[in-house]
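In this note's numbering, the protein residues as written are 372 to 627. Even glycine gets a Cβ: it sits at the ideal position worked out from N, Cα and C. Reading through the structure tokens given below for one structure.
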Amino acid sequence: MSQEKDSLFADPPLNVQNNEVQSLADSSKGKEPLPDIRNINEKAEKLELGNPFFELKSSINTLTKQMDSLKKVISIYEKGKGSMPTIDEDLLNLIKIPQLRHRIELQNGTIVNGEIINENELGIIVQTSIGQLSIERDRIIEITEDISPSAKVELVKDPFVNAYPDKEEITGLIKNIGSKRADFVRVIVNLWSPTTELIHQDSVFISGANQKYFSGIQSDTALEPGSTSKFRLVIPLSEGDEISYRTYQIRWEAYK
Numbered sequence: 372m373s374q375e376k377d378s379l380f381a382d383p384p385l386n387v388q389n390n391e392v393q394s395l396a397d398s399s400k401g402k403e404p405l406p407d408i409r410n411i412n413e414k415a416e417k418l419e420l421g422n423p424f425f426e427l428k429s430s431i432n433t434l435t436k437q438m439d440s441l442k443k444v445i446s447i448y449e450k451g452k453g454s455m456p457t458i459d460e461d462l463l464n465l466i467k468i469p470q471l472r473h474r475i476e477l478q479n480g481t482i483v484n485g486e487i488i489n490e491n492e493l494g495i496i497v498q499t500s501i502g503q504l505s506i507e508r509d510r511i512i513e514i515t516e517d518i519s520p521s522a523k524v525e526l527v528k529d530p531f532v533n534a535y536p537d538k539e540e541i542t543g544l545i546k547n548i549g550s551k552r553a554d555f556v557r558v559i560v561n562l563w564s565p566t567t568e569l570i571h572q573d574s575v576f577i578s579g580a581n582q583k584y585f586s587g588i589q590s591d592t593a594l595e596p597g598s599t600s601k602f603r604l605v606i607p608l609s610e611g612d613e614i615s616y617r618t619y620q621i622r623w624e625a626y627k
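Listed below in structure tokens is the structure:
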């Protein structure tokens with residue numbers, strides 16, 4: 372009986388354990404192997420840099436200049452609200468504009484305005500605003516002066532001079548005989564020696580009409596067409612000055 376019990380409880384667990392190990396080994400055969408672990412100290416390979424298809428530096432410089440220029444334009448626009456910059460009057464005087472002094476009427480009814488720069492028995496050459504024009508004389512009906520309105524200020528008569536040992540007091544009258552207002556009218560007096568040496572020069576603005584200009588300036592030195600104005604100028608003299616004669620100049624401007 373004891374032997375039967377011993378036979379019943381033999382050593383089967385050993386076989387069971389071997390079977391389990393074998394089954395685990397067989398199950399691992401069907402799986403893919405794990406990838407190798409990358410070493411973090413290894414440097415990744417980079418592609419070699421080639422030449423770009425455009426010059427990067429020059430393109431950036433060009434864009435920078437264009438942006439700076441655009442900023443300046445915007446700043447000017449913001450300051451002036453889009454208004455044009457003021458142009459110097461001296462710069463405008465450098466631009467040569469032909470004087471349209473003559474009005475030429477032709478047989479076909481055409482009117483040509485310009486300046487006659489050359490003429491002979493066959494015809495004339497006229498300088499117009501678009502260039503020179505040659506006109507045959509037999510095609511011309513009439514040539515007249517086409518003078519634009521302008522101011523012209525002159526002395527009405529010789530000024531009166533009060534000569535003193537230490538000064539000269541000069542009074543006179545001027546008139547605007549032109550067809551346009553004269554602005555900032557000024558009389559200039561020159562005192563000369565017997566040897567034509569300029570001893571003294573002085574000037575005075577007239578006391579004329581009160582005028583306010585577009586620039587905001589207000590002055591009483593304007594002279595309307597046909598108007599007259601008196602002037603008075605006192606010129607101090609130095610000891611030994613010998614005045615032989617006097618000359619006069621009249622200057623004026625044209626403003627709006």
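Look at the stretch 514 to 570 and you find these whole runs of beta strand (DSSP E), each 3 residues long or longer: 524 to 526, 531 to 534, 538 to 547 and 554 to 563. Ranked by Cα distance from valine 556, the first of Tyr616, Ala534 and Asn581 is Asn581. Contact between serine 521 and lysine 551 is confirmed by a C-beta separation of about 5 Å, below the 8 Å threshold. If you draw a straight line from the Cα of threonine 499 to the Cα of histidine 473, it comes to about 10 Å. The beta carbon of valine 575 is closer than 6 Å to those of Val558, Phe602 and Leu604 in its chain, skipping five residues each way along the sequence.
Taking 9 Å as the cut-off, the Cβ atoms of leucine 526 and glycine 543 count as close. Per the C-alpha coordinates, the member of Trp623, Leu608 and Glu492 positioned closest to leucine 594 is Trp623. Taken in chain order, the whole beta strand (DSSP E) runs of length 3 or more contained in the stretch 570 to 609 are 580 to 583, 589 to 593 and 599 to 607.
Around the C-beta of alanine 553, 16 or more other C-beta atoms lie within 10 Å, and the residue is accordingly described as buried.
Checking the DSSP bridge columns, you'll see threonine 481 has no partner listed. Just so you know, the alpha carbons of aspartate 573 and proline 530 end up roughly 15 Å apart.
Contact between the stretch 473 to 490 and the stretch 506 to 516 is present: three or more C-beta pairs spanning the two stretches fall below 8 Å.
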